[in-house]
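Residue numbers (my numbering), protein chains in the order written: chain A, 2 to 597; chain B, 759 to 1000.
Quick look at the structure:
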């Protein structure tokens, strides 16, 4: 990476460009990776588009699949700027091409060979001013090889998607500056999405608040005291995190504790994890080994082409929006037309008219029926453009964030080129291809305030599936309180047709509007007859309930509006949006530091 | 509509006054209605999206309409329906007061108008299926341009056979089938790019070239058949001493 960044490309009019790919110079096959483009303009003002083009070889026939990520750029004279992207690097990735375009011309271009940075190693990113965790290479390794990287703070991504390739992040100390709020938030969202974060204690913990790391520790660090443990006298950081689960103890000292956050986990090691004399001790080695062996199932997967029998997609395809006008409707329409023709053909009907007038009467009825047929079967009963079906599953987490997985199916009867606008910019868009397995054409994503997916070319009866992933603010909590269920909904929108699911059985509790609501135990005695009236909702709810942990209690409900709003700027007669929210009921109201 | 040509008037009077014709229209509409309902897509749209093969109802209806209009038009050209209402060709040949030009122009003008009328009868069936099969409504215009000229060729062939030869019903109908086979099956094999059947099977084709070539080809055939009918009628007139 250093080599990549050291040779800036120089383009027209005094424009130069540096490109940094990967986190600390490492990236993984089949994951997203951060790409940071630095531009410097010594010439006239530039207004254009910065493009990062990734392509990869698909299948045995060596077809090229490609994706273009774009950002609009305004660069005044003598100005510098940095633009960050999160680019999917599929297996079989070809060189990245970064170019600046303005007025249809290419001002500057840089091609980056990914072979030197791409690997299938697990990546551990260590944020530290100088300490080394290279001793981790010596641990008994049961998974794929490790790769330790030490990225600079300023090159850390500000989107959780940029950390997709990382298996473990260790925050030791940040001497030069601090994490920006977006960087800290991005790490928090990455953890919620399934990442593991280790925050080091010991003396470096005293600098965590100033470095912005405190935001990642819900309890905060109250101080550091000296104590004898792990064979020496060392600093041990103290927190208020009584509800955290102890992971490593010595005597009555909790040396490391952890807390699940969404699908991931934050681990707080009270000691300095990089202390050089700990490298040979067995206790920390076991601690690290347990962390590194914990399998991380990545949320994102650029290699995946969604199979049509995937449960969410099956629910999408079962949508009533995707039905032809009924045979009965066409039979009735044609029967009426046939009756009109038969009536005109009846000898007495037009007996007084001349042949020309009779011809005109027949023709008028036929033309009127043709126009009516066009309108009825082309507009009213069947959309002449396309249909959009969104199905999203929102898994709310007690930390106030929610993981959103949304399948968007764009299907069109008539051929055309479409554009999809997604309201959020911090969203990963995976191309699920078409349902018919036709080779996908290029996909262009423009990221500004939201994401615009352009150039979706659909043939006749073509389809394109986009799977969106996001981690968003969603303050919804559910907990047991005094034998009842306390639902705290601060999302600003009601949840409709809520269900409580215990041991695989669903109990209907009605709607949950904004604010707090307590559901008495009596409501949870009669199971719901059916999970939802609508077939799409029922199918989605049934398959979600079947996949839930039966040992826990869950609340399910429907939002009227999806969290990720997707729009297609075209005249769509049909669009179906379903948003299912799931939250696991906590054993007690969630208050930091309070024991369950 | 004011028709001054007696042979045009004769045709219109038969086509919109005689029961045989009205029964033809009713049966044609009934056949197309049953066919449209029968081939209407019944599987969910998802099946077509998964399979990547759109419904073919529009193509099937338009090809059926082409064959139906051509066959009925050919039989009308042969004066198979309400034969008693039309002046026989042999009589026309022996009447020197009736100009050959008036006979030919009247019969062909009626053929053109009546072919368009038959197309109008079938238009609602195309209209209901065009969008469902994934075509823009403009595909209707393209289908009409592909149906009328070849149907007119068969109709013209029927008129020519009727004016040129005094055939009995069986050879008349055999000749009509031969013309249709040559025009529709023959072009599929020998000139696929001009074949109306193949062009109707792909109504979404973006290129206008084949459509123009096919229309030109069929127009040329119609003009040839008009000329041949004129020549045959003149020959018969001379032979009968008129």
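Each residue gets a CB set at the ideal place from its N, CA and C atoms; glycine is no exception.
Using beta carbons (cut-off 9 Å, strictly below), is residue i in contact with chain B?
i, result
"residue 433 of chain A", "no"
"residue 461 of chain A", "yes"
"residue 324 of chain A", "yes"
"residue 338 of chain A", "yes"
"residue 536 of chain A", "no"
"residue 584 of chain A", "no"
"residue 415 of chain A", "yes"
"residue 351 of chain A", "yes"
Below 9 Å on C-beta distance, what does residue i contact in chain A?
i, result
"residue 899 of chain B", "Those do not exist, as residue 899 of chain B stays about 12 Å from chain A at its closest Cβ, beyond 9 Å."
"residue 875 of chain B", "360, 363, 364, 367"
Between residue i and chain A, is any beta-carbon pair separated by less than 9 Å?
i, result
"residue 992 of chain B", "no"
"residue 762 of chain B", "no"
"residue 823 of chain B", "no"
"residue 893 of chain B", "yes"
"residue 914 of chain B", "no"
"residue 986 of chain B", "no"
"residue 845 of chain B", "no"
"residue 906 of chain B", "no"
"residue 759 of chain B", "Per-residue confidence for residue 759 of chain B stands at a pLDDT of 43, beneath the threshold of 50, marking its modelled position as unreliable; no derived number is given."
"residue 791 of chain B", "yes"
"residue 767 of chain B", "yes"
"residue 871 of chain B", "yes"
"residue 858 of chain B", "no"
"residue 890 of chain B", "yes"
Cβ closer than 8 Å: which chain A residues qualify as neighbours of residue i?
i, result
"residue 865 of chain B", "Chain A residues near residue 865 of chain B: none, gap ~16 Å exceeds 8 Å."
"residue 1014 of chain B", "The structure shown has nothing for residue 1014 of chain B, since chain B only spans 759 to 1000."
"residue 770 of chain B", "356, 357, 360"
Run down chain B in chain order and give the residues with a C-beta less than 8 Å from the C-beta of residue i.
i, result
"residue 328 of chain A", "795, 798, 800"
"residue 452 of chain A", "Ordered by position in chain B, no residue passes the 8 Å Cβ test against residue 452 of chain A, which lies about 24 Å from the chain."
"residue 346 of chain A", "780, 781, 783, 784"
"residue 342 of chain A", "783, 784, 787, 879"
"residue 331 of chain A", "794, 795, 798, 886"
List, in chain order, every chain A residue whose beta-carbon is nearer than 7 Å to that of residue i.
i, result
"residue 955 of chain B", "Residues of chain A passing the Cβ test: none, with the nearest at roughly 20 Å."
"residue 885 of chain B", "371, 374, 375"
"residue 933 of chain B", "None at all; the shortest Cβ gap to chain A is about 28 Å."
"residue 878 of chain B", "364, 367, 368"
"residue 819 of chain B", "Those do not exist, as residue 819 of chain B stays about 11 Å from chain A at its closest Cβ, beyond 7 Å."
Under 7 Å Cβ-Cβ, which residues of chain B neighbour residue i?
i, result
"residue 576 of chain A", "Simply none; closest approach about 15 Å."
Taking C-beta pairs closer than 9 Å, name the residues in chain B that residue i reaches, listed in chain order.
i, result
"residue 468 of chain A", "By Cβ distance, chain B contributes nothing, its closest Cβ being about 16 Å from residue 468 of chain A, past 9 Å."
"residue 334 of chain A", "882, 886"
For residue i and chain C, any beta-carbon pair shorter than 9 Å?
i, result
"residue 836 of chain B", "Any reference to chain C falls outside this structure, whose protein chains are A and B."
Unbroken stretches of the beta strand (DSSP E), 3 residues or longer, contained in the stretch 401–462 of chain A | 402–413, 417–423, 429–432, 444–448, 452–459
Using a Cβ-Cβ cut-off of less than 8 Å, give me the residues of the stretch 772–787 of chain B that come near chain A, in sequence order.
-> 773, 774, 775, 777, 780, 781, 783, 784, 787
Please specify which runs of the alpha helix (DSSP H), each continuous and at least 4 residues long, are wholly inside the stretch 317–393 of chain A, giving them in chain order.
-> 328–346, 356–376
The stretch 246–255 of chain A / the stretch 183–197 of chain A touching (three or more Cβ pairs under 8 Å) | no
Taking 8 Å as the threshold, find out whether the stretch 446–462 of chain A comes into contact with the stretch 388–404 of chain A through three or more Cβ pairs.
-> no
If you measure beta-carbon to beta-carbon, which residues of the stretch 365–395 of chain A are closer than 7 Å to chain B?
-> 367, 368, 370, 371, 374, 375, 378, 379, 383, 385
Please list the segments of the alpha helix (DSSP H) lying wholly inside the stretch 807–851 of chain B, counting only runs of 4 or more residues, in order along the chain.
-> 815–835, 847–851
Can you find at least 3 beta carbon pairs, one from the stretch 265–275 of chain A and one from the stretch 196–207 of chain A, that sit closer than 8 Å?
-> yes
Does the stretch 888–903 of chain B come close enough to the stretch 852–860 of chain B to have 3 or more Cβ pairs within less than 8 Å?
-> no
Could you give the uninterrupted runs of the alpha helix (DSSP H) lying entirely in the stretch 143–229 of chain A, keeping only those of 4 residues or more?
-> 182–193, 209–212
Hey, is the stretch 402–414 of chain A in contact with the stretch 461–478 of chain A, meaning 3+ C-beta pairs nearer than 8 Å?
-> yes
Give, in chain order, every residue of the stretch 149–160 of chain A whose Cβ lies closer than 9 Å to some Cβ of chain B.
-> none
Validate contact between the stretch 540–557 of chain A and the stretch 408–426 of chain A using beta carbons, cut 8 Å, 3 pairs = no
Would you call the stretch 779–799 of chain B and the stretch 868–886 of chain B touching, i.e. three or more CB-CB distances under 8 Å?
-> yes
Do the stretch 276–293 of chain A and the stretch 328–343 of chain A meet, that is, are 3 or more Cβ pairs less than 8 Å apart?
-> no
Could you tell me whether the stretch 832–840 of chain B touches the stretch 357–373 of chain A, where touching means 3 or more Cβ pairs closer than 8 Å?
-> no
Does the stretch 87–100 of chain A come close enough to the stretch 167–175 of chain A that 3 or more CB-CB pairs lie under 8 Å?
-> no
Evaluate the contact criterion for the stretch 759–776 of chain B versus the stretch 337–356 of chain A: three or more CB pairs, one atom per stretch, below 8 Å.
-> yes
Runs of beta strand (DSSP E) lying entirely within the stretch 9–37 of chain A, each at least 3 residues, in chain order | 16–22
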